[in-house]
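Chemist:
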Amino acid sequence: MKKRFIEEQIIGFLREAESGVAIKDLCRRHGFSEASYYLWR
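In my numbering, the protein residues as written are 919 to 959.
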C-alpha cells in the first residue's frame, strides 16, 4: 500500500501540534485520522 504522507510532512504535522493547534482541527485540515496522529507521535 502506498504511503499517503512522507516523513517530512508527518514531522511538520507533529510540530504544528506541538505549537498548540488542536489535534482534531489539525487532522481535519490535513486529511488524516486522530488515530494516525497518535501512531506517528
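The beta carbon of each residue, even a glycine, is placed where N, CA and C say it ideally should be.
So Glu-941 is in the alpha helix (DSSP H); what residue range does that whole segment cover?
Modeler: Per the sequence presented here, residue 941 reads as Ile, with Glu not at that position. Its alpha helix (DSSP H) spans residues 941-948.
Chemist: What whole-angstrom Cβ distance do Glu-952 and Ile-941 have, given they're in contact under 8 Å?
Modeler: 6 Å
Chemist: Would you kindly report the start and end of the unbroken alpha helix (DSSP H) that includes Phe-954?
Modeler: Strictly speaking, residue 954 in this sequence is Ser, with Phe absent from that position. Segment 952-958, the alpha helix (DSSP H) holding Ser-954.
Chemist: What does a CB cutoff of less than 8 Å around Phe-950 pick up in its chain, not counting 5 residues either side in sequence?
Modeler: Arg-922, Phe-923, Phe-931
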